[in-house]
């Protein structure tokens, strides 16, 4: 059996699966249920000056029969009294000392307020702090949340304030509502943060009610931009994670990966691209805490299959494979191949290629059904037919190199090689 034990900044947990700072981690009752279910750690819902939330708070995007493909919330930080939160955090640490307890913080933007809040939280016995520099709604109007994360200079200043006081490991959570997460990531590292986590939610509007004409979520005839998360944001999260994992400065600190993690496969992908652990929210809000069983078993089986003994054996393994477009091998070429024994003759591949791509599929009319084959000389290997095909492994891509040598775009231009003539 593989060893799934995680060590993040010296904070040990039985597995790399943490719950992200969100409604599932806002009180003792939820957190104890999560620990009983097997979660390795939690990031307690953000603490700061007490707020008042509104109703309703959530909306979602359903797609292709899947509920909550994308999830939007306008909930703020904890609306419960600080003293109750602190007492419950201490009790959870006492009952489950082997689980990671991280507390998310968003203090008013003065050195004194940050120092005061840090001292109160450290008295609970928590294992680490996460600085919420990403909340995209409600708190930004107060100069907090994403308003901090969107300005590298302010982010660095706040991190420096925190590091003056904190004795626990500090994780800085980055907002995706920027052109690049790297500047704020670098500024946070310069300020002294011990680790980074990303991404927070993406500012969004999930849709408009066609009867009320008001976007969701609906609050007395009005709405606001909310924070978007769930499976729909995973590709964006993976891209931003990779930029942090590849940057010479930010790559030197551990990264906690967040954004659409719903399965063990998602978790593995985040870790292959540089995350030392992952945080989950939307998936448990949809399916409940027990999904961690499948995550643990799936990662365990995959690691055994690949021969990995510990998490460190594969963390970051895929980071070097992300390169610049101009460094890709132009001589690498693939063409599609249709397995006629598996084909169900639906014609989706033909329609996609004929209408929107390179007209590289032959259609042979037949009785009782049509058949489809590839025009290999015309196929550019774009993958579209394979992606739309509803039958697994019916269409495969076969390598047919254009030349033996590695040739990138820069060298192609330098040699003055011919471009397409049609």
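Numbering (UniProt numbering), first residue to last: 1 to 422.
For glycine and all other residues, C-beta sits at the position ideal for the given N, C-alpha and C.
Because the structure is a prediction, the values reported are computed rather than measured.
So residue i packs on residue j, CB below 8 angstroms; how close in whole Å?
i           : j           : result
residue 195 : residue 255 : 7 angstroms
residue 77  : residue 45  : 7 angstroms
residue 106 : residue 92  : So it is not a contact: roughly 20 angstroms between Cβ atoms.
residue 238 : residue 273 : 6 angstroms
residue 333 : residue 246 : The Cβ separation is near 27 angstroms, so there is no contact.
residue 17  : residue 275 : The pair is not a contact, with the Cβ atoms about 12 angstroms apart (cut-off 8 angstroms).
residue 187 : residue 152 : 4 angstroms
residue 81  : residue 284 : Contact flag wrong, Cβ pair sits at about 25 angstroms.
residue 236 : residue 259 : 7 angstroms
Is it true that the CB of residue j sits closer than 7 angstroms to the CB of residue i?
i           : j           : result
residue 73  : residue 134 : no
residue 342 : residue 394 : yes
residue 296 : residue 15  : yes
residue 217 : residue 56  : yes
residue 171 : residue 122 : no
residue 33  : residue 289 : yes
residue 375 : residue 362 : yes
residue 182 : residue 243 : yes
residue 344 : residue 391 : yes
residue 124 : residue 89  : yes
residue 47  : residue 7   : no
residue 231 : residue 69  : yes
residue 13  : residue 41  : yes
residue 360 : residue 349 : no
residue 326 : residue 265 : no
residue 9   : residue 169 : yes
residue 250 : residue 185 : yes
residue 54  : residue 189 : no
Which word fits residue i, buried or exposed, when buried means at least 16 other C-beta atoms lie within 10 angstroms of its C-beta?
i           : result
residue 117 : buried
residue 355 : exposed
residue 279 : buried
residue 208 : exposed
residue 61  : buried
residue 415 : exposed
residue 174 : buried
residue 94  : exposed
residue 127 : buried
residue 227 : buried
residue 87  : exposed
residue 75  : buried
residue 223 : buried
Secondary structure at residue i, three-state DSSP: helix, strand or coil?
i           : result
residue 91  : helix
residue 330 : coil
residue 39  : coil
residue 208 : strand
residue 10  : coil
residue 132 : strand
residue 106 : strand
residue 229 : strand
residue 256 : strand
residue 279 : strand
residue 29  : helix
residue 126 : coil
residue 50  : coil
residue 200 : coil
residue 19  : strand
residue 344 : coil
residue 60  : strand
residue 194 : coil
residue 79  : coil
residue 1   : coil
residue 300 : helix
residue 427 : Past the boundaries of the shown model lies residue 427; the chain is included only from 1 to 422, so the question cannot be answered.
residue 295 : helix
Please indicate yes or no: does the CB of residue i lie closer than 6 angstroms to some heavy atom of the ligand SAH?
i          : result
residue 56 : Of the ligands one can find in the structure shown there are none, so the ligand SAH has no counterpart to examine.
Open item on the list: Report the start-end ranges of each alpha helix (DSSP H) in the stretch 351-398 that is 4 residues or longer and not cut off at the edges.
Closed with: Runs found: 384-388.
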